[in-house]
Amino acid sequence: MLRHLDLSPLIESDRKDIVSVALDIDPTKPEHQDNNPAYRIWLRNALRDTLEGLPKEERRAADNGARRILGFVEEHRALNGRGLAIFAGPDLWREYLLPVPLPNSARYGRPDVWPLLWAADEYEPCAVLAVFRDHARILMAYLGQTAVLDEEALVLDTSTWRFKAGRQPTFSRGTGVGASRGTQRDTFEARVEDHIRRFWAGVAEAAAHLVRESRIDRVVIGGPEEVASAVRDLLPDDVRARVVGIVHLPGYAGDAELRDRVLPVALAGKHRREEELVTEVLDRAAGRSGAVTGRPATLDALARKQVQILVVDRDVTGQVWQCGHCAFTSAVPITHCPTCGSPVEAVALPQVLPVLARRSGARISIVSGQPAARLRTHEGIGALLRYVTAAR
Ligand SMILES: [Zn+2]
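Right, here's the structure in full:
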């Protein structure tokens with residue numbers, strides 16, 4: 039779903055004549071149930087403000103895109119989604135309807151994929167490993183939906199088992215209890231336990247394969263405490279590190295119940311990781327050991343291709359100055375590029391960060407809530423570096 043959105047053409051596009059809009063159109067919100075929903079009023083005002091700030095020539099170009107977007111939103115009153123993003127320009131129209139609300143935004147210039155990047159990060163799918171004693175399911179959970187990927191049940195065929203004494207144990211079939219003699223029952227039960235353990239190991243192996251193959255960062259395990267912990271311990275280290283939570287489910291749970299109980303745990307786990315990431319960036323930047331904060335230092339690190347993870351406040355605003363020729367980007371106002379002498383232009387920071395990150399091979403982590411508030415005292419941006427530079 040979200041992770042399959044291919045935003046590359048927009049991120050890498052050098053077009054500067056695009057109207058980009060992102061909206062929260064969630065129909066479950068009361069303000070959106072009105073005949074003239076709040077998002078439409080917001081959009082009309084935001085587009086007008088955006089256009090008013092443009093020089094005459096650009097305004098004329100932008101006006102067309104803005105009209106088409108407004109027309110689309112007017113015409114489609116019952117869109118089957120909670121978030122809408124549109125990119126419009128001469129010969130260009132892209133719309134994305136998403137199952138999650140997007141933060142409202144309207145911009146002109148470079149395609150602004152920031153709200154979509156945030157949503158793709160926030161609602162990244164999570165693997166749910168539902169494990170019960172003799173039954174397991176692997177699901178992919180997205181907000182509001184689940185897809186079953188694999189289902190496995192353990193079937194024990196005890197009829198072919200041979201015991202040392204050469205006698206078949208007597209037991210009530212199907213229940214696995216009721217052997218005649220204690221030692222044989224112990225052997226039998228040990229054997230059942232052994233099979234169940236092997237089943238769990240198989241489940242852990244299948245899950246590890248899926249998680250690695252699909253490059254899933256978050257895993258939640260659900261099941262009875264003993265089973266869930268055992269399966270977690272059976273996961274290889276790199277996959278166990280992606281487990282963001284364990285949900286205790288006493289018995290069998292259907293997909294809907296699983297989803298409802300797992301998604302909050304997955305989101306909480308993600309937010310806890312963001313908290314840790316911001317703490318690491320702030321601590322290391324303070325110690326000048328492998329991280330930087332603030333706009334000048336972060337842009338500098340990006341230009342040097344030193345950034346491993348770029349951490350940014352979702353609501354970051356403000357401008358930077360970018361060279362139209364070599365893309366040199368400055369956090370402070372300049373009129374001409376210091377490297378090639380070409381004129382520079384002012385651009386909104388979130389509009390250039392995706393391409394800057396991509397060009398330097400950095401991953402972006404867009405944070406909101408508490409971690410974002412802590413980052414805001416450092417201009418809303420920081421980065422974890424690939425290697426430690428000598429303290430200057
Ligand atoms: Zn330049």
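Per our numbering, the sequence shown starts with residue 39, numbered consecutively.
Idealized CB from N, CA, C, for every residue including glycine.
Values in this document were obtained by computation on a predicted structure and should not be read as measured data.
- A228 and D271 have their C-alpha atoms some 20 Å from each other.
- In this structure, I63 lies away from L108, with their beta-carbon atoms at least 9 Å apart.
- Membership of L130 in any alpha helix (DSSP H) is not indicated; the residue belongs instead to the beta strand (DSSP E) covering 130 to 136.
- The count of Cβ pairs closer than 8 Å, one atom from the segment 133 to 140 and one from the segment 52 to 62, reaches three, so the stretches are in contact.
- Not one heavy atom of ligand 1 is found less than 8 Å from the C-beta of A341.
- The residue from R352, P376, D87, A386 with its alpha-carbon nearest to that of W156 is R352.
- The bridge partners DSSP lists for Y146 are V57.
- Contact check for L423 against Q344 passes: the beta carbons are separated by less than 9 Å.
- With a cut-off of 8 Å on Cβ pairs, the segment 290 to 306 is in contact with the segment 166 to 173, counting three or more such pairs.
- Short note on S368: C-beta not closer than 8 Å to any heavy atom of ligand 1.
- Note that the C-beta distance between S398 and E160 is not below 9 Å.
- Distances from the CA of G292 to each of A174, K94, R396 were compared; the closest alpha carbon is that of A174.
- Within a 10 Å sphere around the beta-carbon of V370 sit fewer than 16 other beta-carbons, which makes this residue exposed.
- For G379, the Cβ falls inside the 8 Å cut-off from some heavy atom of ligand 1.
- Looking only at G91, K67, A104, P68, the smallest Cα-Cα distance to L81 is reached by A104.
- L394 carries a helical assignment under DSSP once its states are collapsed to helix, strand and coil.
- The three-state reading of DSSP puts G109 in helix, counting H, G and I together.
- Taking C-alpha positions only, V316 is separated from P392 by approximately 19 Å.
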